[in-house]
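Plus 448 on top of the position in the sequence shown (first one is 1) and you've got the working numbering. Following: one structure in structure tokens, then a few remarks.
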Amino acid sequence: MTSIQKEYIIGCVGKPSSGKSTFFSSITDNAAKIGNYPFTTIEPNVGITHYIAECPCKKYNVICKPKYGNCNNGYRYVPIKMLDIAGLIPGAHLGNGLGNKFLDDLRHAHVLLHIIDISGNTNEKGEYTTNYNPINDHEWLRIEIEMWIFNNINSNWSSVVRKSKTSDISISKLLLNQFSGYGCNELMISKLISSMNLKDSVDFSNWDKTNILDLVRQFIKIRFPFVLVLNKADIMSESSDSNIVKFYEKYGSDHEIVVASSLAEYFIKKMVRQNYIKLVYDSNNYNYSSFITSEDIHNEESHSLKLIDDKLKSRLENIKDMVLFRHGVTGVQDAVNKAVDLLGLIPIYPVKNIKTFTNNLHDETNNFAFQDCILVPNGTMVKTFLKSLHIDLEKNLVNIETVGGIKISENHILSKQMNVIKITTVSYDEKK
């Protein structure tokens, strides 16, 4: 059964000097007060970013007012947590560097953004060099995660064998007990069993270290999906372009890859906050395609932007040429969206008034529509969604409608096309 998390967390991983912290700072509102977000606590290494999805307000020509996040030109900015995971170097599973903290933080993330210095100007420890092959970075990072989990599972394998022979425990329960410390759930274990074609009759006493390592590798594919972020694309090195090609050749078929410049994104956001530039958005998606300065506009609006000096102008032009012209975008927001998409999440908009899409049954003004937006796995049944809202189906008669007043059952599947629903509940006690 599909399960709905109370919150989802994107983890940023990478070696020192990969630009990980810059990426994190460029995409999160780390200074925001927790009261503005639907989360319990914000730790120092946790920030809030946003998944951007199409908001139905534009389709239905209503004005929305999100409780959390915001809406801009028909695009909904849905808050989601991001974790800045401690920098990693080879040997982390042996305790090298901040290895123990890295591996402990890793358990809390649902999907990982691996921030990679694509310029080749830093080695595996984050030290300055030239012509380093960054494709090594993803290989040894995966090995570190594999060895961390493998060493733990392998050291306890005799217990797995004993329990499989002396108790009636199912293979699902047995593996869940072994992998539960890594933040997995029953659905992940079900996928693991299916992908390896395992049966309850499997004889684990015949398994050697190679079999156990295969199990761990398959588990990692399911539990820790990666988006590879090829960062520092603005740095023109001898090998940066060829490094990008190498990544697509090796990982393009089974990994999401994003070419990015987090430093450019960070600087652009800073210039917007300081009122030096105004972003120009693409009408077909959520990304900005360029920006303008006071020199680019010759009307009253130009007075709202500060004048730029030659040094600032040169830096902005460099970003236009090296990042926006070459790659179209900085890639930072695309990386976040791909991470959420990799989890298979879709936005659902529960309302109380299916005509005005508001939370007021008697509101006919079309104001404050689509206040709530909840991310759920694609394919979630309505009844699973109701349970996540703490609606007890055994104690309540539930009436569910979608756009146009069309009634749907609790077994209906939610999707991007079916993501606006009205929920009416009446307790059975009230019906008596």
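Using N, Cα and C, we set each Cβ at its ideal position, and we do this for glycine too.
In this structure, the straight-line span from the alpha carbon of Asn600 to that of Gln819 is close to 45 Å. Secondary structure at Cys460: strand, using DSSP grouped into helix, strand and coil. Taking C-beta atoms as the reference points, Ala557 and Leu531 count as a pair closer than 8 Å.
Note on Gly827: under 16 other CB atoms within 10 angstroms of its CB, so exposed under the neighbour-count rule.
Residue burial annotation: Phe773 is exposed, with fewer than 16 other C-beta atoms found within 10 angstroms of its C-beta. Across the structure, Lys803 and Asn844 are spaced so that their CA atoms are roughly 23 Å apart. Beta-bridge partners of Met829 (DSSP): Ile861.
DSSP places Pro673 in the coil class of the three-state scheme, outside both helix and strand. A direct Cα-to-Cα measurement between Ser473 and Pro527 gives close to 15 Å.
Pairing Tyr499 with Asn785 gives a Cβ-Cβ distance under 8 Å. For His562, the enclosing beta strand (DSSP E) begins and ends at 559–565. Spatial neighbours of Ile856 in its own chain (CB-CB distance under 6 Å, excluding positions within 5 residues in sequence) are listed in chain order as Ile848, Thr850.
DSSP places Asp532 in the uninterrupted beta strand (DSSP E) bounded by 523–532. Looking at Leu793, Asn520, Leu551, the one whose alpha-carbon comes closest to that of Gly535 is Leu551. Under the DSSP assignment, Glu587 falls in the alpha helix (DSSP H) whose first and last residues are 583–603.
Around the Cβ of Val693, a 10 Å sphere holds fewer than 16 other Cβ atoms; the residue is exposed.
In the displayed model, Tyr729 falls within a strand according to three-state DSSP. With respect to the 8 Å criterion, Ser742 and Val728 are not classified as neighbours on the basis of their beta carbons. Judged by their CB atoms, Leu560 and Phe674 are nearer to each other than the 8 Å cut-off. Under the DSSP assignment, Leu793 falls in the beta strand (DSSP E) whose first and last residues are 793–799.
Secondary structure of Phe715 (DSSP, three-state): helix. Counting of Cβ neighbours within 10 angstroms places Asn571 among the buried residues, the total reaching 16 or more.
Taking the CA atoms as reference points, Lys831 sits about 49 Å from Met770.
In this structure Gly568 is buried. Its beta-carbon is surrounded by 16 or more other beta-carbon atoms within 10 angstroms. Classified as buried, Gly462 has 16 or more neighbouring CB atoms from the shown chains inside 10 Å of its CB.
Here Ile794 has Asn826, Lys864 as same chain residues with Cβ atoms under 6 Å from its own Cβ, once five neighbours each way along the sequence are excluded.
With respect to Ser687, Asn584 sits apart: the two C-beta atoms are not nearer than 8 Å.
No Cβ-Cβ contact shorter than 8 Å links Ile617 with Ile641. Following the DSSP letters along the chain, one finds Ala783 inside the alpha helix (DSSP H) bounded by residues 780–790.
Here the segment 663–681 lies against the segment 705–723, with 3 or more beta-carbon pairs under 8 Å apart.
Taking a C-beta distance under 8 Å as the contact criterion, Ile563 and Gly467 qualify as a contact pair. Secondary-structure assignment with DSSP links Cys519 through a beta bridge to Arg524.
Secondary-structure assignment with DSSP links Ile500 through a beta bridge to Tyr525. Collapsing the DSSP output to three states places Val650 in coil.
The residues Lys463, Pro464, Ser465, in chain order, have a CB closer than 6 Å to that of Gly574 in the same chain once the five nearest residues on each side in sequence are set aside. According to the DSSP secondary-structure assignment, Ile740 is paired through a beta bridge with Lys726.
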